[in-house]
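Asker:
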Amino acid sequence: MAVPSSPSLLLVAAMVLCAATTPGAAQAVTTRKYHFDVGMTSVTRLCGTKSIATVNGQFPGPTLFAREGDHVEVNVVNNSPYNMSIHWHGVRQLLSGWYDGPSYVTQCPIQPGQSYVYRFQIVGQRGTLWWHAHISWLRATVHGPIVILPPAGVPYPFPAPEAEVPLMFGEWWRNDTEAVIAQALRTGGGPNVSDAYTMNGLPGPLYACSAKDTFRLKVKPGKTYMLRLINAALNDELFFAVANHTLTVVDVDALYVKPFAVETLIIAPGQTSNVLLTAKPAYPGARYYMLARPYTNTQGTFDNTTVAGILEYEHDDPATDNTTVAGILEYEHDDPATGKSLPIYRPTLPQINDTSAVSNYTAKLRSLASAAYPAAVPQAVDREFLFTVGLGTHPCAPGSPVNGSTCQGPNGTARFAASINNVSFVLPTTALLQSHYTGMSKGVYASDFPFAPPRPFNYTGTPPNNTNVMTGTKALVLPFGTAVELVMQDTSILGAESHPLHLHGFNFFVVGQGFGNYDPADLPKC
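Reading the sequence shown from the start, the letters are residues -26 to -1, 1 to 500 in mature numbering (1 follows the signal peptide of the UniProt record, and there is no 0).
1. Apart from the five residues on each side of it in sequence, which residues of its chain come closer than 6 angstroms, Cβ to Cβ, to Thr(-5)?
2. Between Phe234, Met14, Gly13 and Ser89, which has its C-alpha nearest Val48's C-alpha?
3. Distance check for Thr447 and Asp422, CA to CA, integer angstroms please.
4. With DSSP collapsed to three states, give me the class of Ile155.
5. Measure the C-alpha to C-alpha separation of Asn166 and Phe189 and round it to an integer number of angstroms.
6. By a C-beta neighbour count over all protein chains shown, 10 Å radius and 16 as the cutoff for buried, is Phe361 buried or exposed?
7. What residues are listed by DSSP as bridge partners for Met414?
8. Within the same chain, show all residues whose beta-carbon is closer than 6 angstroms to that of Asp465, passing over the 5 residues directly before and after it, in chain order.
9. Going by C-alpha to C-alpha distance, which of Ile60, Asn439, Leu477 and Phe431 sits closest to Tyr492?
10. What's the C-alpha gap between Phe489 and Asp496?
11. Using the C-alpha atoms, what's the distance from Glu358 back to Gly479?
12. Got a sec, what are the start and stop residues for the beta strand (DSSP E) Tyr78 sits in?
13. Straight-line CA distance for Ala217 to His61?
14. Quick check: the Cα distance between Ala388 and Gly162, rounded to an integer number of angstroms?
15. Taking 8 angstroms as the cut-off, decide whether the C-beta atoms of Gly64 and Asp225 are in contact.
16. How would you call Gln325, buried or exposed, if buried means at least 16 neighbouring beta carbons within 10 angstroms?
17. Check Ala114 in the structure and name its three-state DSSP category.
18. Can we say the region 21 to 28 touches the region 67 to 81, given the rule of at least three CB pairs closer than 8 angstroms?
19. Start and end of the beta strand (DSSP E) containing Ser49?
20. What are the boundary residues of the beta strand (DSSP E) that includes Val236?
21. Thinking C-alpha only, which one of Val50, Arg19, Tyr78 and Pro34 is nearest Tyr8?
22. Thinking C-alpha only, which one of Ala282, Leu452, Thr275 and Tyr199 is nearest Arg267?
23. Can you find the residues in the same chain that come closer than 7 angstroms, C-beta to C-beta, to Gly164, ignoring five residues on each side of it along the sequence?
24. Any idea if Pro34 is buried or exposed, counting beta-carbon neighbours within 10 angstroms, 16 or more meaning buried?
25. Comparing the C-beta of Gln81 with each C-beta of chain B, is any distance below 8 angstroms?
26. I'd like the ranges of any beta strand (DSSP E) spanning at least 3 consecutive residues and lying wholly in the region 308 to 385.
27. Using 8 angstroms as the cut-off, can you tell me whether the region 230 to 246 makes contact with the region 168 to 179, which would need three or more C-beta pairs spanning the two stretches below that distance?
28. Would you mind stating whether Val79 and Ala405 have Cβ atoms separated by less than 8 angstroms?
29. Kindly list the residues whose CB is nearer than 8 angstroms to the CB of Val139, restricted to its own chain and excluding five residues on each side of it in sequence; keep chain order.
30. Please classify Gly22: does DSSP put it in a helix, a strand, or coil?
31. Spatial neighbours of Arg261 within its chain, please: C-beta separation below 6 angstroms, excluding the five flanking residues on both sides.
32. Throw me the rounded Cβ distance for the Pro124 and Arg100 pair, which I believe falls under 8 angstroms.
33. Where do the ends of the beta strand (DSSP E) carrying Thr37 lie?
34. Run the CB neighbour count on Gly87, radius 10 Å, all protein chains shown included, and call it buried at 16 or more, exposed below.
35. Quick test of your reading: Asn271 and Ser472, contact by CB under 8 angstroms. State the CB separation rounded to the nearest angstrom.
36. Once you ignore the five residues that flank Leu180 on each side, which residues in its own chain have a CB closer than 8 angstroms to its CB?
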């Protein structure tokens, strides 16, 4: 589950469980089988063509469908020139963690010309998730939706929609994304920002050469549609709105929530949200922009552009209903009744740094907590952790020139490094889970990841003078079934910044959040 970090200096208390409750009667087990052929495909966007890694030649990739309780089997054949692994983002991997997908963590990557079969079960989840490459930045183009339906015969806890539409937000670089991240790792600076955002792989009419590359959603008057929103952008939280239409949020990260209506929502990178959109009762004689653009509360560089899709109505006047047995004629610009150009309306999105809008939105997120879908928050925990999250620095190598080619971090005197509890993760060359399973973890990872910051400080105040972090391949090793209380504390080191976080393989309950420094004597509440 990914949680958008609403304020810039946010602390979040979360409880992690390794249990699931699945309502409804027992169903016969079904195995859904898929074949993923990873290869290179030429794609044209923003007036230019480049070769990108894709699955089955599609960008975005194919949708994986399953029902809650199904087993899923995906044969991945790597015909690309890159090492590859696929992560099933948000899927609970209960006793199947070796199929989770992050390279060098749960598996060694699939080498070019090789294949790997992933097998897992969908347990206690229904809604929208997604899959993506989990090595380097290949997920920029190797990604696609996962649609999880309720068990057969089990209805949604809200009125069934007329249709369901996956809508993936992404980013597009004119340059090779593997070269972009390689340059950032080499120089120690931030990566170059993307050139556009996309909806279902299309940048839309607000970018040059892209009017024909626009996602269009056709709706019928009076009908309700479920948009399965997925933020596949690499690093950016996004505001999203549809002009003159209200969105009702019913599901987040494949878990039902108490429905609430909004004009604008925020979706973090890696997060999913199912929203209901009810079309106007009669043909409006207009079109409506669907817009997404980033939210940020820091001074860093980012892609400050807007992606647009277009919501269009089918005309409901039988006298002008130009349809055939082949389908419906799309009226993109003209009113079929009058022949006049249709007006197009644009939503008003919050300012790019509107933290209050984000905080107000996330405060509305609540578990459905019904009899069928209870929120079984543990009343006792086995372990308690405090994780400080933020940016830090690595000293440049001895002899590196200031502002040199390998020293382009803060002030040109250091290299950027993200850290938790002052530890910046070093990717191993052997999969962590494999080394743990075989009892050969020595030299691969250390199990001494700190439970709390090594040196407490004023996390949200004046940053410490020493911003250097330690490096290491460190892990927390916990017995299966452990109930964990985790406090995540943002820091102001190198500037306050939102840090959306994603927990692989499990869900968690957010039980409190607030501004400032965490104080166990004054616990925040949701």
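Quick reminder that beta carbons are idealized off the backbone N, C-alpha and C, glycines included.
The structure displayed is predicted, hence computed values, not measured ones.
Answerer: Inspection of the coordinates gives the following:
1. A caution first: Thr(-5) carries a pLDDT of 42, below 50, which makes its placement in the model too unreliable to give a value.
2. Ser89
3. A straight-line Cα-Cα distance of about 10 angstroms links Asp422 and Thr447.
4. Reduced to three states, the DSSP call for Ile155 is helix.
5. 26 angstroms
6. Phe361 should be labelled buried.
7. Paired residues: none, contrary to the question.
8. Reading the sequence as shown, one finds Thr at residue 465 and not Asp. Correct list, in chain order: Thr362, Gly364 and Tyr433.
9. Phe431
10. Each residue's Cα considered, the two are about 12 angstroms apart.
11. 19 angstroms
12. No beta strand (DSSP E) contains Tyr78, which DSSP labels as neither H nor E.
13. Separation of Ala217 and His61 (C-alpha to C-alpha, rounded to the nearest whole angstrom) is 34 angstroms.
14. Looking at the backbone, the Cα of Ala388 and that of Gly162 are separated by about 7 angstroms.
15. With contacts defined by Cβ atoms closer than 8 angstroms, Gly64 and Asp225 do not form a contacting pair.
16. exposed
17. helix
18. no
19. Residue identity differs from the one stated: residue 49 is Asn in this sequence, not Ser. It spans His45 to Asn52 - the beta strand (DSSP E) in which Asn49 sits, taken as one unbroken run.
20. Leu229 to Val236
21. Val50
22. Among Ala282, Leu452, Thr275 and Tyr199, the Cα nearest to that of Arg267 belongs to Ala282.
23. Ala158, Gly274, Thr275 and Phe390
24. buried
25. Among the chains in the structure shown there is no chain B, since it carries only a single protein chain.
26. 357 to 369
27. no
28. yes
29. Leu191, Tyr199, Met200, Leu201 and Arg202
30. strand
31. Ile284, Glu286, Leu316 and Ile318
32. The pair is a contact, with the Cβ atoms about 5 angstroms apart (cut-off 8 angstroms).
33. Note, Thr37: premise wrong, no beta strand (DSSP E); not H, not E.
34. Exposed.
35. 6 angstroms
36. Thr279, Thr280, Val281 and Ala282
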